[in-house]
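> For the protein sequence lines, the chains are A and B, in the order given.
UniProt numbering applies: residue 1 is where the first sequence begins, and numbers increase by one.
UniProt numbering applies: residue 1 is where the second sequence begins, and numbers increase by one.
The beta-carbon is built from N, C-alpha and C at its ideal position, and this holds for glycine as well.
Here you go, one structure.
Number of protein chains: 2
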Amino acid sequence: MTSTVNAPAAISASPAKGLVCRACGAEYPLIAQHACYECFGPLEVAYDADLLARVTREQIEAGPQNIWRYAGLLPAGQDPATRVTLDPGLTPLVSAPALAAAVGLRAPLWVKDDSANPTHSFKDRVVSVALTAARGLGFTRFACASTGNLANSVAAHAARAGAPSIVFIPYDLEQGKVVTTAVYGGDLVAIEGSYDDVNRLCGELVETDEFEDTAFVNVNVRPFYAEGSKTLGYEVAEQLGWRIPAQVVIPMASGELLTKVDKAFAELVEIGLCEAPEDGWTVFGAQSAGCNPIATALQSGTDEITPVKPTGIAKSLNIGDPAAGAYAIEAVRRTGGWMDYADDDEIRAGIRLLAETTGVFAETAGGTTVAVLKKLVESGKLDPEKETVVYNTGEGLKTLDAISELVGPTHRIKPSLKGAREAGLLG
Amino acid sequence: MTSTVNAPAAISASPAKGLVCRACGAEYPLIAQHACYECFGPLEVAYDADLLARVTREQIEAGPQNIWRYAGLLPAGQDPATRVTLDPGLTPLVSAPALAAAVGLRAPLWVKDDSANPTHSFKDRVVSVALTAARGLGFTRFACASTGNLANSVAAHAARAGAPSIVFIPYDLEQGKVVTTAVYGGDLVAIEGSYDDVNRLCGELVETDEFEDTAFVNVNVRPFYAEGSKTLGYEVAEQLGWRIPAQVVIPMASGELLTKVDKAFAELVEIGLCEAPEDGWTVFGAQSAGCNPIATALQSGTDEITPVKPTGIAKSLNIGDPAAGAYAIEAVRRTGGWMDYADDDEIRAGIRLLAETTGVFAETAGGTTVAVLKKLVESGKLDPEKETVVYNTGEGLKTLDAISELVGPTHRIKPSLKGAREAGLLG
Chain A
1 MTSTVNAPAA ISASPAKGLV CRACGAEYPL IAQHACYECF GPLEVAYDAD LLARVTREQI
61 EAGPQNIWRY AGLLPAGQDP ATRVTLDPGL TPLVSAPALA AAVGLRAPLW VKDDSANPTH
121 SFKDRVVSVA LTAARGLGFT RFACASTGNL ANSVAAHAAR AGAPSIVFIP YDLEQGKVVT
181 TAVYGGDLVA IEGSYDDVNR LCGELVETDE FEDTAFVNVN VRPFYAEGSK TLGYEVAEQL
241 GWRIPAQVVI PMASGELLTK VDKAFAELVE IGLCEAPEDG WTVFGAQSAG CNPIATALQS
301 GTDEITPVKP TGIAKSLNIG DPAAGAYAIE AVRRTGGWMD YADDDEIRAG IRLLAETTGV
361 FAETAGGTTV AVLKKLVESG KLDPEKETVV YNTGEGLKTL DAISELVGPT HRIKPSLKGA
421 REAGLLG
Chain B
1 MTSTVNAPAA ISASPAKGLV CRACGAEYPL IAQHACYECF GPLEVAYDAD LLARVTREQI
61 EAGPQNIWRY AGLLPAGQDP ATRVTLDPGL TPLVSAPALA AAVGLRAPLW VKDDSANPTH
121 SFKDRVVSVA LTAARGLGFT RFACASTGNL ANSVAAHAAR AGAPSIVFIP YDLEQGKVVT
181 TAVYGGDLVA IEGSYDDVNR LCGELVETDE FEDTAFVNVN VRPFYAEGSK TLGYEVAEQL
241 GWRIPAQVVI PMASGELLTK VDKAFAELVE IGLCEAPEDG WTVFGAQSAG CNPIATALQS
301 GTDEITPVKP TGIAKSLNIG DPAAGAYAIE AVRRTGGWMD YADDDEIRAG IRLLAETTGV
361 FAETAGGTTV AVLKKLVESG KLDPEKETVV YNTGEGLKTL DAISELVGPT HRIKPSLKGA
421 REAGLLG
């Protein structure tokens, strides 16, 4: 089914005025629907420009220390009582001078560390917005197709809200992401296939009568879900003192996060909360070599994405048929950026480099982004003289296997001064 | 060595006026020393009451969103430029009505979720204060004896500060805690012994010339380190609207965290930032059955701690010879509380109960505390009609092994509607 429940008060009170097709511009009310009836293009939330323009820095700064300080710019959750949320967001923006030096940047470099969210990935942002909208639309069960982080987040959100959840994952996920979903007690369905198979099945299930009460955060309420990523743009700008950075490097799975950070910056300028940097901002995208359909398309000069069968350790980025790929390419081209990809060894090195220089322990997606940052500087695509923000979207504890063979104790000794001396610890 | 470097400006400017022996009251300047020269009793930071009394709610509320908002009540870090820190703290205080109902509480219950810290345990608080004091005292290398969480935190702090670190751990720690220390690139020494063996060796190393430049956060700068835990008391009171909760349940390893939360509440009353609850506050302590020397002593009516050889899954609580045990007993007796302990199965059940009812995924220490909360209600030791805060001090991702056999996918299916139907997902 595609719910056509009318938007209730909470959503009506939001600045969102409807859904609009990104491809053909067809307009829809605020319903649980993600693809255009006309052209099958993806739907996106459209806002009332006058309502957005009423939001002030002062309002935001007086708000809670989480994503809901930006409620005036989001499609749902204006009334705190309506929120289905773990209160994610306002994660640290970490100054990274040692990382800058290591990769050859001569301007300030920042790491936006979204591993600090409640379930330790940026997915808490999108899930909070999606489930809040979903509850407003009358759904009572929460679901998702996931590469892992989303599963953790949906299951945890449902547990806190006291609602049932059903989460679909590929059967070969990292154990850290399986246990961390299962522990919350909802249904957890392992699918014998890839993420793209999981996603396809969820697209079929959502049409069945048995799932009429079920919001799949990244299927039928996907337009609301996607808007949650805008907060990763707002926060960086606010944390820089209401300044948009000249360059951002963002990991890509579906490509949606990248497009929404770009959208957030555009909104901030449009409503007068920030000025654009002198030369505008430039957006860079990072993929893994095992799943690089967006970067490959951009580098080939096309915006036709050829789906791939993902491989490699960056499983949270392994979406072989990325829904927002063409829009990510558009944003990168428009802003003068570039995309690149890193292989598994480079990703592992990226994780270690980030940890050693900043104290931030990232999952493979973060390692990918740092590795690509390094490549972009080396290739001259990224300007080493301009302020740059690199996004870490997840937590190293969830992908320990990726580096557990590479790092460990530097010494093993008996519990005595003699043992310490023999190991060379006493000169 | 025991450094006698004079306290530099940063520490002089703090409200701390010296160290005092908890046993005999002997006084010392602010030096790197943790045991009394007179009686070998533990040293504690003493404050200038007039300086503490100058701190206002408004000052604190205008401060940063981390522990440093309480700098006026801490022994170091008043000048931001002097801090060696990941900026931990101001972690969520989560309302837990479903958990309250599950354990039989009829008053508000809150979970103070310290897994939200940068390295996902409360240790970031104590390490930030210890290393900031250590740098002020002239130390250039950072070290610790650790059951895991402290190792993560010291290594990460050192990486961010660009300083060398050397971390000592028992050889049999959970992999999650080993990799998460090693990834930051410092020295990591695995000791063939228990935590108590590790701690003993560090006490010997700190006296050698080769370690003269080295601050062991929980040995020679332990008095500063311990003060960091006070922030877990301040924050709960501030987050409750400057109100001290009637009851708190706190996990115990050395017992120090419990004594410092109690100390924090006392300070808040003394300096006029909070009123005491009508009947005062009551402090409860939680240990595991595999390492329960403090709880056993209390229950036996003595304050003589008999050291034990720790066993069981709650490794971060496995301190068999707890340095602050007698002081924890004193605080619990004085406030009319109690201590209890949970076995491994109860700890696992505690982790699951917390996750299912709140969306918070705790490590074994958190499972222990929730399990003990349940026991305390059942035994009538904790008043089910009074507001209660339970402390979760660490992250479930670090102790996945504890529950990975117990939870997992509820279904495994082929990627088709037929597969979903056969698994009963379509009615």
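Should A:P64 be labelled buried (16 or more other beta-carbon atoms within 10 Å of its own) or exposed?
With fewer than 16 Cβ atoms within 10 Å of its Cβ, A:P64 is classed as exposed.
> Run down chain B in chain order and give the residues with a C-beta less than 8 Å from the C-beta of A:Q59.
Those do not exist, as A:Q59 stays about 18 Å from chain B at its closest Cβ, beyond 8 Å.
> Strictly below 9 Å CB to CB, what residues from chain A border B:K315?
Going along chain A, no residue has its Cβ under 9 Å from B:K315, so there is no contact; the nearest lies around 16 Å.
> Are A:L376 and A:V249 closer than 9 Å when you measure CB to CB?
Against a cut-off of 9 Å, the Cβ pair of A:V249 and A:L376 comes out as a contact.
> Based on the DSSP output, what are the partners of B:M339 in its beta bridges?
For B:M339, which the question treats as bridged, DSSP gives the partners B:G285.
> Specify whether the region 260-277 of chain A and the region 49-56 of chain A touch according to this definition: at least 3 beta carbon pairs, one from each stretch, less than 8 Å apart.
Segments in contact, yes.
> Under 8 Å: do the region 84-97 of chain A and the region 303-313 of chain A share three or more Cβ pairs, one atom per stretch?
Segments in contact, no.
> Tell me the DSSP secondary structure of A:Q59 in three-state form.
Of the three classes helix, strand and coil, the one that applies to A:Q59 here is helix, per DSSP.
> Please decide whether A:A311 counts as near chain B, where near means a Cβ-Cβ distance under 9 Å.
Checking the sequence, you will find Thr at residue 311 of chain A rather than Ala. It does not: the Cβ of A:T311 has no partner Cβ on chain B nearer than 9 Å.
> Tell me, please, whether the CB atom of B:H120 is closer than 9 Å to any CB atom in chain A?
Yes - at least one Cβ of chain A is within 9 Å of the one on B:H120.
> Mind listing the chain A neighbours of B:R352? Cutoff is C-beta to C-beta under 8 Å, in chain order.
The contacting residues are V183 and G185.
> Within 9 Å (strictly less), CB to CB, does A:R83 reach chain B?
Output row for A:R83: interface = no.
> Between B:G408, B:A362, B:Y184 and B:C202, which lies nearest to A:L99 when the distance is taken from Cα to Cα?
The option with the nearest alpha carbon to A:L99 is B:Y184.
> Quick test of the definition: if touching needs 3 or more C-beta pairs under 8 Å, does the region 399-413 of chain A touch the region 116-132 of chain A?
Contact between the region 399-413 of chain A and the region 116-132 of chain A is absent, because fewer than three Cβ pairs lie under 8 Å.
> Name the chain B residues that come within less than 8 Å of A:A133, Cβ to Cβ?
The contacting residues do not exist; A:A133 stays about 19 Å from chain B at best.
> Does the region 193-203 of chain B come close enough to the region 114-130 of chain B that 3 or more CB-CB pairs lie under 8 Å?
Segments in contact, no.
> Within 9 Å of any Cβ in chain A, is that where the Cβ of B:F361 sits?
Interface residue, yes.
> Tell me the DSSP secondary structure of B:V5 in three-state form.
With a pLDDT of only 35 at B:V5, under 50, the local geometry of the prediction cannot be trusted, and no value is derived from it.
> Exposed or buried, what is B:P251 when buried is set at 16 or more other beta-carbons lying within 10 Å of its beta-carbon?
The residue in question, B:P251, is buried, as its Cβ has 16 or more Cβ neighbours within 10 Å.
> Determine the chain A residues that contact B:I191 at a beta-carbon separation under 7 Å, and present them in chain order.
Within chain A, the residues near B:I191 are I413 and P415.
> Using a Cβ-Cβ distance cut-off of 9 Å, determine whether A:S288 contacts chain B.
Cβ-Cβ to chain B under 9 Å: no for A:S288.
> I think A:V370 touches A:V390, with their Cβ atoms under 8 Å apart; what is that distance to the nearest whole Å?
The pair is a contact, with the Cβ atoms about 6 Å apart (cut-off 8 Å).
> Could you tell me whether the Cβ of A:I169 comes closer than 9 Å to any Cβ of chain B?
Closer than 9 Å to some Cβ of chain B, the Cβ of A:I169 qualifies, so yes.
> Kindly say whether A:K398, judged by its beta-carbon, lies nearer than 9 Å to any beta-carbon of chain B.
Yes - at least one Cβ of chain B is within 9 Å of the one on A:K398.
> Could you tell me which chain B residues have their CB closer than 7 Å to the CB of A:G325, listed as they occur along the chain?
None at all; the shortest Cβ gap to chain B is about 22 Å.
> Measuring only between beta-carbons, confirm whether B:V389 sits less than 9 Å from chain A.
So no, B:V389 is outside the interface.
> Against A:R160, what residues of chain B qualify as contacts under a CB-to-CB distance less than 7 Å, listed in chain order?
In chain order: T358 and G359.
> Roughly how far, in whole angstroms, is the beta-carbon of A:D213 from the beta-carbon of A:F139, given that I think they are within contact range, below 8 Å?
Going by Cβ atoms, the distance from A:D213 to A:F139 rounds to 6 Å, so yes, they are a contact pair.
> Restricting to runs no shorter than 4 residues, where is the alpha helix (DSSP H) found entirely within the region 239-324 of chain A?
Segments of the alpha helix (DSSP H) lying fully in the region 239-324 of chain A: 256-270 and 293-299.
> Near B:G325, which residues of its chain fall below 6 Å by C-beta distance, leaving aside the five closest residues on each side in sequence?
Cβ neighbours of B:G325 beyond the five flanking positions: G255, I294 and I305.
> Excluding five sequence neighbours on each side, which residues of the same chain lie with their C-beta closer than 7 Å to the C-beta of A:E192?
Within the same chain, A:E192 has close Cβ partners Y171.
> Could you tell me which chain B residues have their CB closer than 8 Å to the CB of A:E422, listed as they occur along the chain?
Per Cβ cutoff of 8 Å: no residues; A:E422 is ~12 Å from chain B at best.
> If contact means a Cβ-Cβ distance below 7 Å, which residues of the region 239-261 of chain A contact chain B?
Residues: none.
> Between the C-alpha atoms of B:P384 and B:P108, what's the straight-line distance to the nearest angstrom?
If I take the Cα positions, the gap works out to 9 Å.
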